[in-house]
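In the working numbering, the protein residues as written are 85 to 330. Cβ coordinates follow ideal geometry from the N, Cα and C atoms, glycine included. All of these numbers come straight from a predicted model, not from anything done at the bench.
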Amino acid sequence: MSTAPLPANPDPFPGPQHVAIIMDGNGRWAKARGLPRVAGHRRGADAVRRVIRGAADIGIPVLTLFAFSTENWARPAEEVSDLMGLLRHYLRNELEELHRNGARLRVIGDRERLAADIVRDITDAETRTRANAAIDVNICINYGARDEILRASRSLARKVAAGELAAKDIDESRFESELLTAGLRDPDLLIRTSGEQRISNFLLWQCAYAELVFVDTLWPDFGKEHLERAIAEFRRRERRYGGVGS
Ligand code: FPP
85 MSTAPLPANP DPFPGPQHVA IIMDGNGRWA KARGLPRVAG HRRGADAVRR VIRGAADIGI
145 PVLTLFAFST ENWARPAEEV SDLMGLLRHY LRNELEELHR NGARLRVIGD RERLAADIVR
205 DITDAETRTR ANAAIDVNIC INYGARDEIL RASRSLARKV AAGELAAKDI DESRFESELL
265 TAGLRDPDLL IRTSGEQRIS NFLLWQCAYA ELVFVDTLWP DFGKEHLERA IAEFRRRERR
325 YGGVGS
């Protein structure tokens, strides 16, 4: 990825309107320092705070972070509990700052498997920040794209079976209305940290046309300047949506 400065652009915010990030590399960050994995996750949580602030400064309208996948339950129980503890801590302790900075928080994922107190904190945070408009911050917790698509399909199938909906009326917009991201614009830039180049079951439907930017930086080291470089890369690409371009 080039590190050239952002090209000048006359629009108020010429960059991507929705940036999604797969935050990867916490474990490797900790291992490289001889620390337990939880230390990497803690520094990862610091990076979350830093990046949300950076995104708001840059003017990115929507930021979506992949914090815990449906597959992450397969990690050792202690690590799952550490991650849940960090999420709990984050929701309780960062809410005030998010709210003060005009962030509207939304949690995307299946809440059924989450502890009742975390679900309560999520609901409180979403309610408290609902009217904010400076930046939309979505945190994906217990999220998996295939699971999301299956649930949407089942819901539509039930509606067809009940005679509430005709199969021929299922188009992209009807399908999207059943997704957990209903009402949210699609990401136009997807960043993954730590050098891995995979989508890992993240927003598969929604990222159909997203520009993918993979950066070597481990998530705990990621900050506003990395975000700016990814945006510069995004602006250098020509987005054609299957057409032939200008
Ligand atoms: C990937 O690193 C990261 C995660 C599975 C969790 C992301 C969690 C955080 C950034 C901290 C808590 C989040 C919030 C919103 C407060 P990894 O463990 O897979 O790293 P590795 O691939 O190097 O082992």
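Continuous beta strand (DSSP E) stretch holding residue i: start and end
i: residue 220; result: 219-227
i: residue 295; result: 295-298
i: residue 153; result: 146-153
i: residue 209; result: It is not in any beta strand (DSSP E) - residue 209 instead sits in the alpha helix (DSSP H) that spans 200-213.
i: residue 273; result: 273-276
Environment of residue i [buried if 16+ CB atoms lie within 10 Å]
i: residue 211; result: exposed
i: residue 160; result: exposed
i: residue 301; result: buried
i: residue 221; result: buried
i: residue 191; result: buried
i: residue 198; result: buried
i: residue 209; result: buried
i: residue 92; result: Interpretation of residue 92 is limited by its pLDDT of 48, a score under 50 that renders its predicted location unreliable; the figure taken from the coordinates is listed afterwards. With fewer than 16 Cβ atoms within 10 Å of its Cβ, residue 92 is classed as exposed.
i: residue 234; result: exposed
i: residue 182; result: buried
i: residue 295; result: buried
i: residue 146; result: buried
i: residue 267; result: exposed
i: residue 328; result: exposed
i: residue 186; result: exposed
i: residue 246; result: exposed
Own chain residues within Cβ distance below 6 Å of residue i, not counting five before or after
i: residue 244; result: 251
i: residue 278; result: 108, 109, 302
i: residue 127; result: 304
i: residue 144; result: 103
i: residue 239; result: 262
i: residue 280; result: 108
Nearest candidate by alpha-carbon position, reference residue i, set the options
i: residue 184; options: 218, 169, 193; result: 218
i: residue 154; options: 272, 289, 193, 111; result: 193
i: residue 106; options: 227, 165, 98; result: 227
i: residue 98; options: 231, 283, 321; result: 321
i: residue 380; options: 137, 172, 180, 182; result: A question about residue 380 goes unanswered here, because the residues of the chain that appear run from 85 up to 330.
i: residue 230; options: 258, 263, 240; result: 263
i: residue 288; options: 260, 280, 328; result: 260
i: residue 215; options: 189, 236, 307, 180; result: 189
i: residue 363; options: 271, 270, 186, 236; result: Because residue 363 is not part of the residues shown, which for the chain are 85 to 330, the question remains open.
i: residue 133; options: 306, 285, 319, 265; result: 306
i: residue 265; options: 280, 253, 129, 291; result: 291
i: residue 283; options: 116, 150, 317; result: 150
i: residue 205; options: 281, 239, 176, 158; result: 176
i: residue 202; options: 169, 224, 249; result: 169
i: residue 286; options: 179, 232, 308, 253; result: 232
i: residue 195; options: 179, 225, 178, 131; result: 225
i: residue 131; options: 180, 253, 116, 174; result: 174
Residues near residue i by beta carbon distance below 7 Å, same chain, minus five either side
i: residue 123; result: 114
i: residue 311; result: 135, 138, 139, 142
i: residue 166; result: 122, 125
i: residue 101; result: 145, 146, 269, 272
i: residue 162; result: none
Limits of the unbroken alpha helix (DSSP H) element including residue i
i: residue 103; result: Counting along the chain, residue 103 falls outside any alpha helix (DSSP H), though it belongs to the beta strand (DSSP E) covering 102-106.
i: residue 286; result: Taken as a continuous stretch (DSSP letters only), residue 286 belongs to no alpha helix (DSSP H), as it is neither H nor E.
i: residue 301; result: Where residue 301 is concerned, there is no enclosing alpha helix (DSSP H), given that its DSSP letter is neither H nor E.
i: residue 189; result: Counting along the chain, residue 189 falls outside any alpha helix (DSSP H), though it belongs to the beta strand (DSSP E) covering 187-192.
i: residue 254; result: From DSSP, residue 254 is part of no alpha helix (DSSP H); its letter is neither H nor E.
i: residue 97; result: Note, residue 97: premise wrong, no alpha helix (DSSP H); not H, not E.
i: residue 139; result: 121-142
i: residue 113; result: 110-116
i: residue 169; result: 161-177
i: residue 320; result: 308-320
Same chain, Cβ closer than 8 Å to residue i, neighbours up to 5 away in sequence not counted
i: residue 314; result: 85, 103, 273, 275, 297, 299
i: residue 325; result: 293
i: residue 318; result: 99, 100, 272, 273, 295, 297
Chain C contact for residue i (CB, 9 Å cutoff)
i: residue 217; result: Checking the listed chains, one finds no chain C in this structure; it contains a single protein chain.
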